[in-house]
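Enquirer: Submitted below is the structure of interest, expressed as structure tokens.
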Amino acid sequence: MDDRYGADVLAKGWRERNRKVVPRVPVERDLVVEVAADGFCGAVTGLSSGNVELEDRAGRRRLFPLGPGFLIDGADVVLVPPAPAGPAAPARTASGSFAAPESRARVARASRILVEGRHDAELVEKVWGDDLRAEGVVVEYLQGVDLLAEMLDEDPPSAERRYGVLVDHLVAGSKETRIAQAVERGPHGAHVRIVGHPYVDVWQCVLPASVGIARWPEVPRGIEYKVGVCRALGWPARDQADLARAWQRILASVKTYRDLDPALLGRVEELIDFTTVGP
23 MDDRYGADVL AKGWRERNRK VVPRVPVERD LVVEVAADGF CGAVTGLSSG NVELEDRAGR
83 RRLFPLGPGF LIDGADVVLV PPAPAGPAAP ARTASGSFAA PESRARVARA SRILVEGRHD
143 AELVEKVWGD DLRAEGVVVE YLQGVDLLAE MLDEDPPSAE RRYGVLVDHL VAGSKETRIA
203 QAVERGPHGA HVRIVGHPYV DVWQCVLPAS VGIARWPEVP RGIEYKVGVC RALGWPARDQ
263 ADLARAWQRI LASVKTYRDL DPALLGRVEE LIDFTTVGP
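Quick note on the numbering used here: the sequence shown kicks off at 23 and runs consecutively.
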């Protein structure tokens with residue numbers, strides 16, 4: 023005979039059979055969800071410590087714990103953390119090169135890259151430091167291109183000990199260009215590569231937009247360049263300590279090669295290639 027009551031309603035699993043399955047939705051940026059409890063509706067702007075941050079049309083932001091209690095297009099959902107990311111893309115250095123796997127530091131090469139001053143050395147280290155350590159190239163500073171010829175006489179370069187030199191203001195007719203040409207014609211020229219950028223100071227090699235200024239100021243002749251820049255920008259310039267703080271402010275704005283003028287980028291890459299020829 024027919025069972026008018028059907029299956030045993032008290033049998034094990036009856037709750038599960040009638041329970042509504044609520045979709046589990048991984049959180050992702052800009053996903054628009056509504057909070058069932060109070061109707062707050064907004065787009066996902068962040069995820070932190072098990073909480074999701076939502077921002078509504080008025081720009082108001084609120085945090086809510088992940089889990090049930092959310093709606094997407096009027097349907098109940100459970101918000102869950104995003105799925106683990108796949109294999110990460112190869113890391114890049116600040117210069118844009120693919121980062122080499124972690125390994126013991128390479129023994130320094132005999133070849134060197136020479137720059138005019140401390141600020142030049144710090145900027146090169148900030149962007150190309152990882153590359154230089156991987157290649158075993160050391161950066162040294164001259165404290166002025168005027169000392170280059172004397173330095174080369176005291177510690178001559180060779181086929182196994184090349185010097186790449188980066189100088190400021192390497193333009194037609196400048197003092198720096200005359201010195202470079204004299205060195206290239208001299209006895210050490212075959213093993214020295216001198217390149218440079220057109221600016222008076224390496225500060226100008228940092229893109230103004232990265233520093234947060236419209237452009238680098240024009241500094242009249244007779245005024246020390248760094249002092250003139252600071253004064254024009256309204257930065258303190260009373261003493262060397264003020265100039266040092268100004269440089270740290272500029273250097274901190276440099277994160278990658280994209281913050282530098284192309285006039286510098288190609289020249290440094292050229293020197294790295296020149297000093298890494300051979301084993």
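A virtual CB, placed ideally from N, CA and C, is assigned to each residue, including glycine.
Is it right to say D142 is buried, meaning 16 or more other beta carbons lie within 10 angstroms of its own, or is it exposed?
Expert: Label assigned to D142: buried.
Enquirer: Could you round the C-beta distance between V249 and W238 to whole angstroms and report it? I think they count as a contact, below 8 angstroms.
Expert: That belief does not hold up - the Cβ atoms of V249 and W238 are roughly 14 angstroms apart, past 8 angstroms.
Enquirer: Secondary structure at T278, three-state DSSP: helix, strand or coil?
Expert: T278 falls in the coil class under three-state DSSP.
Enquirer: Which residue from V189, D175, D78 puts its Cα closest to that of G139?
Expert: The residue with the shortest Cα to Cα distance from G139 is V189.
Enquirer: According to DSSP, is G256 helix, strand or coil?
Expert: If DSSP states are grouped into helix, strand and coil, G256 belongs with coil.
Enquirer: May I ask you to list the residues that DSSP assigns as paired with F86?
Expert: According to DSSP, F86 bridges with V74.
Enquirer: How far does the alpha helix (DSSP H) with V146 in it extend, from its first residue to its last?
Expert: Segment 140-157, the alpha helix (DSSP H) holding V146.
Enquirer: Considering Cα atoms alone, identify which of A116, K148, F62 is closest to G96.
Expert: When each option's Cα is compared against that of G96, the closest is F62.
Enquirer: Exposed or buried, which one is T67 when buried takes at least 16 other CB atoms within 10 Å?
Expert: Exposed: under 16 other Cβ atoms inside 10 Å.
Enquirer: Helix, strand or coil: how does DSSP classify S232 here?
Expert: Helix, per DSSP.
Enquirer: Between L293 and the rest of its own chain, which residues show a CB-CB distance below 7 angstroms, the 5 nearest in sequence each way excluded?
Expert: The answer, listed in chain order, is I135, G186, L188, R215, V217.
Enquirer: Taking DSSP as the reference, what is the three-state secondary structure of V193?
Expert: Correct three-state label for V193: coil.
Enquirer: From L286 to D168, what does the alpha carbon distance come to, in whole angstroms?
Expert: When rounded, the distance between both Cα atoms is 21 angstroms.
Enquirer: Are three or more beta carbon pairs between the stretch 150-166 and the stretch 191-206 nearer than 8 angstroms?
Expert: Segments in contact, no.
Enquirer: Below 8 angstroms on the Cβ atoms is my guess for V159 versus S133; work out the distance and round it to an integer in Å.
Expert: Rounded, the Cβ-Cβ distance is 7 angstroms, consistent with contact.
Enquirer: Please state whether DSSP places E292 in a helix, a strand or coil.
Expert: Correct three-state label for E292: helix.
Enquirer: Quick one: give me the first and last residue of the alpha helix (DSSP H) that A171 is part of.
Expert: Run containing A171: 170-176, per the alpha helix (DSSP H) assignment.
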